[in-house]
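Okay, structure first, notes after.
Number of protein chains: 2
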Amino acid sequence: MRGTLLGIGVGPGDPELMTIKAVRAIEHVDVLAIPVSAAEEKSIAFEIVQEVCDIKDKVILPVVFSMSRVKEERLQSRKKAVERVKKELEAGRTVAMIALGDIGIYSTFMYVKKELETEFLIKMIPGIPSFCAGASKALISVVEGRESFVVMPSFQDSEQFVQALQQYDTVIVMKAGRKMKEIYDLLLKWNRLDQTTVIANCGMPSEYIGSFDVNREYGYFTTLIIK
Amino acid sequence: MRGTLLGIGVGPGDPELMTIKAVRAIEHVDVLAIPVSAAEEKSIAFEIVQEVCDIKDKVILPVVFSMSRVKEERLQSRKKAVERVKKELEAGRTVAMIALGDIGIYSTFMYVKKELETEFLIKMIPGIPSFCAGASKALISVVEGRESFVVMPSFQDSEQFVQALQQYDTVIVMKAGRKMKEIYDLLLKWNRLDQTTVIANCGMPSEYIGSFDVNREYGYFTTLIIK
């Protein structure tokens, strides 16, 4: 009797944007694994789940994925997280690891999956990505007709970003929070600020959806849609 | 008393991948507008809704969006569709127009919205895009870490497609059904068939998720994920 590992996307923030499938799966598992970047840290994904799902009988298992700048620390914490989840699976329990947004888009779950997929049964349940929810809230499309779009994480390389702006109808930057000033300067330079929508803390009380106000504070999970 | 127009994404095919918000909104509206490409044609989006939502008190309004190759016919049918929805809104009714997948990604709703947004209140509810659901079913990620991805509709231009393959970690082609042979030849030429997952009729009984078998028949709503 070996356990099953589920990766579940819980959507971008609004608890009602969880799918029926995600709610049912979470209510069915034995253990809920909650990725956090430090012990005792709050998890937005877990807050979403608590709003909608009946989890009073679940074992809650916070698993730390360090976001340290030191690579060795990140790898060590990942290894520990995998070991912790594995222990539950070996005991025959079903474990769901949750993620904000979609489970296939920049989720921590994929690291754990890769380490455990040869030994255990894996399932994945998709969630609404933040850029879809943000576009809907802003009453804009992501793409129409024959348009194409690019999605990039944060912002590594200004050349790649500018090239995407020139080649594609829509460019989406996720987890943009730490690079907002640099992105602002590039959008100003390329005269694209008018076509930019900022989506911060989508679906949460602190939500901001609107034009690019460079004087605001933006959190890590800020998404930009540039049409 | 003027009505409200809602655009609602119902996800890729599996009824359980509808969000709680979409189910509640559909059960709350007066009129359900169902886009079809010809009168009497079946709507997959409507089949999904019927599985999950209680719609016995709803007015069901099929609206035809012609997919004719003649532009004038497409425009005429769009105009008629908008008029039909407008009549309901003017009577003070709340109308939900549904779409497969996400409401902001290649949805017919955007045409109707553009024509009516100055006169009526609009709301949009996102849905799970087919490529997210397909990746989850195939147990692959869309993107991880610092990767970027491109989404393009069908397949217009082989140069643009090959460029995307070279520049981005993941390329997704939606509504690829009519161009499968051309895409196959390009993937063969560029030695990318091994990295390609085909997602056809995701979440439906006729679902196929797997490698690119060029001898299969594929429907219009086929998605390719090339990593």
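Those protein sequence lines, which keep their order, are chains W and R. Residue 1 is where the first sequence starts when you use our numbering, and the numbers rise one by one after that. Residue 1001 is where the second sequence starts when you use our numbering, and the numbers rise one by one after that. Backbone N, C-alpha and C define an ideal beta-carbon position, used for all residues, glycine too.
Could you work out which residue in W/Asp57, W/Lys80, W/Ile140, W/Lys79 is closest to tyrosine 1111 of chain R when comparing CA atoms only?
W/Ile140
Would you list, in chain order, the members of the segment 128 to 153 of chain W that have their beta-carbon closer than 8 Å to a beta-carbon of chain R?
Ile128, Pro129, Cys132, Ala133, Ala135, Ser136, Lys137, Leu139, Ile140, Ser141, Val142, Val143, Glu144, Gly145, Arg146, Glu147, Ser148, Phe149, Val150, Val151, Met152, Pro153
Output yes if chain R places a C-beta closer than 7 Å to the C-beta of aspartate 102 of chain W; else output no.
yes
Since threonine 220 of chain W meets chain R, which of its residues come closer than 7 Å, beta carbon to beta carbon?
In the sequence on display, residue 220 of chain W carries tyrosine and not threonine. Those within 7 Å of tyrosine 220 of chain W in chain R number zero; the least Cβ separation is about 15 Å.
Between the beta-carbon of phenylalanine 1120 of chain R and the beta-carbon of arginine 1002 of chain R, is there less than 7 Å?
Yes, these two residues count as a Cβ contact at 7 Å.
Can you tell which of W/Gln76, W/Phe131, W/Glu72 has the C-alpha that lies nearest to the C-alpha of threonine 222 of chain W?
Restricting attention to W/Gln76, W/Phe131, W/Glu72, the CA atom closest to the CA of threonine 222 of chain W is found in W/Phe131.
Got a sec: is the Cβ-Cβ distance from methionine 110 of chain W to anything in chain R below 7 Å?
yes
Which bits of chain W does glutamate 1016 of chain R rub up against, with CB to CB less than 8 Å?
Residues of chain W whose Cβ lies closer than 8 Å to the Cβ of glutamate 1016 of chain R are, in chain order, Thr19, Ile20, Lys21, Arg24.
At a CB-CB cut-off below 8 Å, which residues of chain W make contact with isoleucine 1122 of chain R?
Close partners of isoleucine 1122 of chain R in chain W (Cβ separation under 8 Å): Leu139.
So if I threshold CB-CB distances at 8 Å, which residues from the segment 75 to 102 of chain W count as touching chain R?
Within the segment 75 to 102 of chain W, contact with chain R at the beta-carbon level (separation under 8 Å) is assigned to Asp102.
At least three beta-carbon pairs within less than 8 Å, the segment 1121 to 1128 of chain R to the segment 1147 to 1154 of chain R:
no
Which term fits tryptophan 18 of chain W, buried or exposed, when burial requires 16 or more other beta carbons within 10 angstroms of its beta carbon?
The residue you asked about is not tryptophan; residue 18 of chain W is methionine in the sequence shown. Classification of methionine 18 of chain W: buried, given that the 10 Å Cβ count is 16 or more.
Valine 1296 of chain R by DSSP, collapsed to three states: which one?
Residue 1296 of chain R falls outside the range modelled here, since chain R spans only 1001 to 1227, and no answer is possible.
Could you give the residue range of the alpha helix (DSSP H) that holds leucine 1116 of chain R?
1109 to 1116
Thinking C-beta only, is glycine 1009 of chain R closer than 7 Å to glycine 1101 of chain R?
yes
Please identify the residue among W/Arg146, W/Leu186, W/Ile20, W/Ala164 whose C-alpha is closest to the C-alpha of alanine 1176 of chain R.
W/Arg146
Can you look up valine 214 of chain W in the DSSP assignment and give me helix, strand or coil?
coil
For isoleucine 105 of chain W, decide whether its Cβ has a neighbour in chain R, counting only Cβ atoms nearer than 7 Å.
yes
Using a Cβ-Cβ cut-off of less than 8 Å, give me the residues of the segment 35 to 64 of chain W that come near chain R, in sequence order.
Shown in chain order are the members of the segment 35 to 64 of chain W whose Cβ falls below 8 Å from a Cβ of chain R: Val52.
Limits of the unbroken beta strand (DSSP E) element including leucine 228 of chain W
Examination of residue 228 of chain W is not possible in this model, given that chain W is present from 1 through 227 alone.
Determine whether the beta carbon atoms of valine 63 of chain W and alanine 81 of chain W lie at a separation below 7 Å.
yes
Candidates R/Tyr1106, R/Gln1167, R/Ser1158, R/Val1023: which alpha carbon is nearest alanine 1096 of chain R's?
R/Val1023
Candidates W/Tyr184, W/Ile226, W/Asp194, of which the one nearest arginine 216 of chain W by Cα:
W/Tyr184
Tell me whether the segment 33 to 42 of chain W and the segment 1035 to 1053 of chain R touch, counting them as touching only if at least three CB pairs, one residue from each stretch, are closer than 8 Å.
no
When the cut-off is 7 Å and only beta carbons count, does proline 126 of chain W lie next to chain R?
At least one chain R Cβ lies under 7 Å of proline 126 of chain W.
Could you give the DSSP three-state label for alanine 1045 of chain R: helix, strand or coil?
helix
Exposed or buried, what is isoleucine 1060 of chain R when buried is set at 16 or more other beta-carbons lying within 10 Å of its beta-carbon?
Isoleucine 1060 of chain R is exposed by the Cβ-count criterion.
Give, in chain order, every unbroken run of the beta strand (DSSP E) that is at least 3 residues long and sits entirely within the segment 1080 to 1150 of chain R.
Unbroken beta strand (DSSP E) runs of no fewer than 3 residues, entirely contained in the segment 1080 to 1150 of chain R, are found at 1095 to 1099, 1121 to 1125, following chain order.
CB-CB under 8 Å to leucine 1193 of chain R, same chain, minus the five flanking residues each way: which ones, in chain order?
Tyr1184, Leu1187, Ser1211, Phe1212
On a CA-only basis, which of R/Asn1191, R/Gly1219, R/Asn1201, R/Val1171 is nearest lysine 1179 of chain R? Give me that one, please.
R/Gly1219
With the cut-off set at 7 Å, would you say isoleucine 44 of chain W and proline 15 of chain W are in Cβ contact?
no
State the Cα-Cα distance for the pair glutamine 160 of chain W and tyrosine 168 of chain W, rounded to the nearest angstrom.
12 Å
Can you tell me which of R/Tyr1208, R/Gln1076, R/Ser1136, R/Leu1089 puts its alpha carbon nearest to the alpha carbon of threonine 1118 of chain R?
R/Leu1089
Pick from W/Ala133, W/Lys123, W/Ala91 that is closest to isoleucine 1103 of chain R, judged by C-alpha positions:
Taking isoleucine 1103 of chain R as reference, the option from W/Ala133, W/Lys123, W/Ala91 with the minimal CA-CA separation is W/Ala133.
Let me confirm a value: glutamate 1182 of chain R is counted as buried when at least 16 other C-beta atoms fall within 10 Å, else exposed. Which label applies?
exposed
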